[in-house]
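J.: For the sequence shown, my numbering begins at 263 and goes up steadily by one.
Just so it is clear, CB atoms sit at the ideal spot from N, CA and C, and this is done for glycine as well.
Just so you know, these numbers come straight off a predicted model, no measurement behind them.
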Amino acid sequence: MALAAAIVLSFVGATRQRAVRPIAVIAPTFSKEVVRIFQENCQTCHRPGDVGPFSLLTYADAAPHAAAIKFATQNRQMPPWKPVSGCGDFLGERRLTAEQIETIARWADAGAPEGDRAQLPSPIDFTSGWTLGDPDLTLANAEAYTPPATGDMYRCFTIPANQTAGRWVRAIDIHPGDRETVHHVIAFIDSTGESATLDEKEAGPGYQCFGGPGFSNPGTLGGWAPGYRALELPSDVAFHLPANARIVLQVHYHPHHGAPEPDTTEIAIYWSKQQPKQEMRILPLVNQTFTLPPNDSHYKVTSAFTVPFFVSAKLWLVAPHMHLLGRSMKVDMTLPDGGNVCLINIDDWDFNWQGMYRFRDPIPVPALTRLSLTAFYDNSASNWRNPNIPPKPVSWGEATTDEMCIAFLGITIDGEDLTKNLRADTSWLK
């Protein structure tokens with residue numbers, strides 16, 4: 263009996279020892295897990311020639327930055343996605359899941375192993391240099407322009423589109439030539455040729471254009487600001503480019519990193535593959551009359567617009583815009599029955615990460631709907647972005663050191679059907 267008990271105890275003890283023995287954990291590798299996360303969320307910015315400070319296309323690119331990548335993803339600084347969750351449902355959200363963040367952390371903690379290269383996925387094709395692939399048309403100012411080394415410069419470059427018939431545009435993409443100096447770009451449409459006359463009157467590439475493109479009744483195809491990604495419209499909606507029109511790139515230069523480089527800003531245009539049903543139009547929700555008092559860290563600015571009683575629309579896009587003193591912006595929609603829809607809420611504004619956000623599904627905007635924005639600004643000395651120390655009053659203006667308060671809303675008008683030659687009345691937009 264004693265021998266049998268000893269054998270049983272010995273077996274139980276060995277079993278317990280085996281049960282508590284730690285199980286080897288296999289760390290994620292770049293080739294199998296991590297690169298797929300980068301492809302889905304990071305590589306459109308982190309590649310040669312784009313905004314990311316280093317590339318994440320290859321293991322050799324990524325491995326030296328493993329610790330920094332872990333830190334930035336755990337703090338949700340990267341990938342940059344400013345809209346607050348629960349307000350607006352957008353396409354292309356750049357949010358990592360908790361599992362993806364943990365995978366990156368375990369990879370970094372394990373020494374950033376490469377893994378088996380045979381497990382690498384097919385690389386994304388970035389050979390064209392454009393996020394949406396080869397454009398149908400690429401335009402740029404004919405001669406590089408070097409802005410002054412100090413101060414702000416708004417320069418307009420008028421470029422013939424060379425289209426003898428009207429065309430429909432499903433997407434644009436803009437590449438600034440000198441990302442360190444270009445503050446933002448707006449692509450205007452000139453249907454009259456006035457911009458060419460303005461260009462001829464002034465020496466050098468382009469002409470000065472503070473406050474607007476300088477000609478009457480400009481249209482627009484959109485624009486670019488730091489953080490913007492190319493955005494494609496649905497197949498039945500498009501911007502219109504009239505026959506024989508010129509595209510005018512209004513480029514805002516704000517040198518702040520030494521001597522500016524010669525700049526040639528490019529715009530890529532992608533034609534619609536079919537006749538759209540409705541034209542995309544831009545409604546600016548804007549306040550231009552505010553003055554931010556000095557030493558106020560939470561100054562409120564608002565704007566509102568009520569849709570006329572004879573109009574109903576759909577909302578497709580929203581693009582908030584402020585400068586360096588902006589801290590937050592929220593855009594809401596109050597329906598005629600009193601219901602409220604939160605469209606977008608950015609509670610940690612960063613001028614370097616702006617965006618034009620497309621809703622996953624278009625939002626109906628009935629007649630008499632009230633569209634409103636509420637923004638807050640920090641014009642105190644504690645705001646490290648404040649360009650004025652000591653702080654001074656700041657109002658609406660074109661310079662980077664001025665401020666803006668605007669949300670661009672991309673809308674279509676219900677009842678318009680271009681396939682049946684039924685155009686909407688848009689006089690109320692002007």
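Could you give the C-beta distance for G489 and G617, rounded to a whole number, given that I count them as a contact under 8 Å?
T.: 6 Å
J.: Would T393 and A492 be called neighbours here (beta carbons separated by less than 8 Å)?
T.: Judged by beta-carbon spacing, A492 lies within the 8 Å limit of T393, meaning their Cβ atoms are closer than that value.
J.: With distances taken Cα to Cα, identify the nearest neighbour of S497 among G311, Q536 and L353.
T.: Q536
J.: So, using beta-carbon positions, are L577 and I625 closer together than 8 Å?
T.: yes
J.: Would you grab the beta carbon distance between T662 and H585 for me? Rounded to a whole angstrom, and I think it's under 8 Å.
T.: Indeed, because the Cβ distance is near 6 Å, the residues count as touching under 8 Å.
J.: Per DSSP, which one or two residues make a beta bridge with T400?
T.: A530
J.: Between the stretch 422-441 and the stretch 359-377, are three or more C-beta pairs nearer than 8 Å?
T.: no
J.: Under the three-state reduction of DSSP, which class applies to R298: helix, strand or coil?
T.: helix
J.: With DSSP run on the structure shown, which of helix, strand or coil describes P480?
T.: Here P480 sits in coil by DSSP.
J.: For C418, count the other beta carbons within 10 Å of its own beta carbon; 16 or more makes it buried, fewer makes it exposed. Which is it?
T.: By the neighbour-count rule (16 or more Cβ atoms within 10 Å), C418 is buried.
J.: Can you check whether the CB of V569 is closer than 8 Å to the CB of L630?
T.: Taking 8 Å as the Cβ cut-off, L630 and V569 qualify as a contacting pair.
J.: In whole angstroms, give me the CA-to-CA distance for I285 and T320.
T.: Residue placement at I285 is poorly supported in this model, since its pLDDT is 49, which falls under 50; the coordinates still yield a value, given next. Approximately 31 Å, taken between the alpha carbons.
J.: Can you tell me the Cα-Cα spacing of V603 and R632, whole angstroms?
T.: 10 Å
J.: Any idea what DSSP makes of T674, helix, strand or coil?
T.: Strand at T674.
J.: Which runs of the beta strand (DSSP E) fall wholly inside the stretch 307-379 and span at least 3 residues, in chain order?
T.: none
J.: Is it the case that the Cβ atoms of G474 and Y407 are separated by a distance below 8 Å?
T.: No, Cβ-Cβ distance for G474 and Y407 is not below 8 Å.
J.: Between which residues of its own chain and P340 is the CB-CB distance below 7 Å, once the five residues before and five after are set aside?
T.: According to the sequence shown, residue 340 is Met rather than Pro. Around M340: A334.
J.: Can you name the residues that DSSP bridges to E464?
T.: Answer is none; E464 lacks a bridge partner.
J.: Are the CB atoms of Q305 and I386 within a distance shorter than 8 Å?
T.: yes
J.: Look at the alpha carbon of D612 and the alpha carbon of R338, and state the distance between them as a whole number of angstroms.
T.: 14 Å
J.: Closer than 7 Å by C-beta to P422: which residues in its own chain qualify, once you throw out the five before and the five after it? Chain order, please.
T.: R508
J.: Output the distance between the C-alpha atoms of K682 and I675, rounded to the nearest integer angstrom.
T.: For K682 and I675, the distance between alpha carbons rounds to 15 Å.
J.: Would you check if the distance between the CB atom of T526 and the CB atom of V513 is smaller than 8 Å?
T.: no
J.: Beta carbon of A449, beta carbon of L495: below 8 Å?
T.: Not a contact, by the Cβ cut-off of 8 Å.
J.: G391 and G476: beta carbons closer than 8 Å?
T.: no
J.: Looking only at DSSP bridge pairs, what is A669 linked to?
T.: L547 and P582
J.: Can you check which of these residues, D396, G354, T389 and G466, is closest to P409 by C-alpha distance?
T.: G466
J.: Specify the secondary structure class of L577 as computed by DSSP and reduced to three states.
T.: strand
J.: For V696, which residues from the same chain have a beta carbon less than 8 Å from its beta carbon, with the 5 sequence-adjacent residues on both sides left out?
T.: Absent from the model: residue 696. The displayed extent of the chain is 263 to 692, so no value can be given.
J.: In this structure, does DSSP put N645 in helix, strand or coil?
T.: coil
J.: Quick one: residues in its chain with C-beta nearer than 6 Å to the C-beta of I299, no 5 flanking neighbours on either side, listed in chain order?
T.: Q362
J.: What do you reckon, are the CB atoms on R620 and F352 nearer than 8 Å?
T.: yes
J.: Determine, using beta carbons only, whether A566 and S634 come nearer to each other than 8 Å.
T.: yes
J.: Under three-state DSSP, which class holds N607?
T.: strand
J.: Cβ of P556 within 8 Å of Cβ of P438?
T.: no
J.: Can you give me the Cβ contacts of P383 inside the same chain, cut-off strictly under 8 Å, excluding the 5 residues immediately before and after it?
T.: V297, R298 and Q301.
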